[in-house]
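The structure under discussion appears below in the form of structure tokens.
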Amino acid sequence: MLKDLGDLHFFLGIEVRKTSDGLVLTQARYATNLLVRSGMDKAKPVDIPLSTTEKLSITNGTRLGNDDSSKYHSVVGALQYLILTRPDLSFAVNKVCQFLHAPTTVHWSAVKRILRYVRGTVDLGL
């Protein structure tokens, strides 16, 4: 026997809103929680997720300690889940994922810039 549970509103961290054109999928609540968890909920927003002038490499910056490295892994992993409904973040998140094995202060700054972009674009979705 099947039971009608009504319209879908929230599933696996993805919010579903009906509009006149169809459905909008967002992860606004997930993104807000990520910003709070990472301490970036009051950060100044930026217009683009990754600097166009800065080139990330394995040799730039000072290597992060164990605690900061764990935080880096946690935040980058959360950003990977966020790109399900945010393809605008895909390139930047992919770039910082390349340094998961040995993150540095420069890489952490890049992650914080991505979070500042998310701060200004929390409601974007598909």
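For the sequence shown, the numbering used here begins at 1144 and goes up steadily by one.
Glycine included, each C-beta is placed from N, C-alpha and C at the ideal position.
Sequence-distant residues of the same chain with beta carbon closer than 7 angstroms to Val-1254, five excluded per side | Beyond the five residues adjoining it in sequence on each side, Val-1254 comes within less than 7 angstroms, by CB distance, of Tyr-1215, Val-1218, Val-1219, Val-1239 in the same chain, given in chain order.
Burial state of Pro-1192 (16 or more Cβ within 10 Å) | Per the 10 Å Cβ criterion, buried.
Give the secondary structure of Lys-1161 by DSSP, where H, G and I count as helix, E and B as strand, and everything else as coil.
-> In the structure shown, the three-state DSSP call for Lys-1161 is strand.
Spell out a yes or no on whether the region 1234 to 1249 and the region 1199 to 1209 are touching, meaning 3 or more CB-CB pairs, one atom from each, closer than 8 angstroms.
-> Result yes; three or more Cβ-Cβ pairs closer than 8 angstroms.
Alpha helix (DSSP H) segment containing Leu-1177, residue limits = First-last of the alpha helix (DSSP H) with Leu-1177: 1171 to 1180.
Report the three-state DSSP secondary structure of Gly-1263 (helix, strand or coil).
-> Here Gly-1263 sits in helix by DSSP.
Compare the Cα-Cα distances from Leu-1267 to each of Asp-1147, Thr-1175, Ala-1186, Gly-1149 and report the closest residue.
-> Comparing alpha carbon positions, the residue from Asp-1147, Thr-1175, Ala-1186, Gly-1149 closest to Leu-1267 is Thr-1175.
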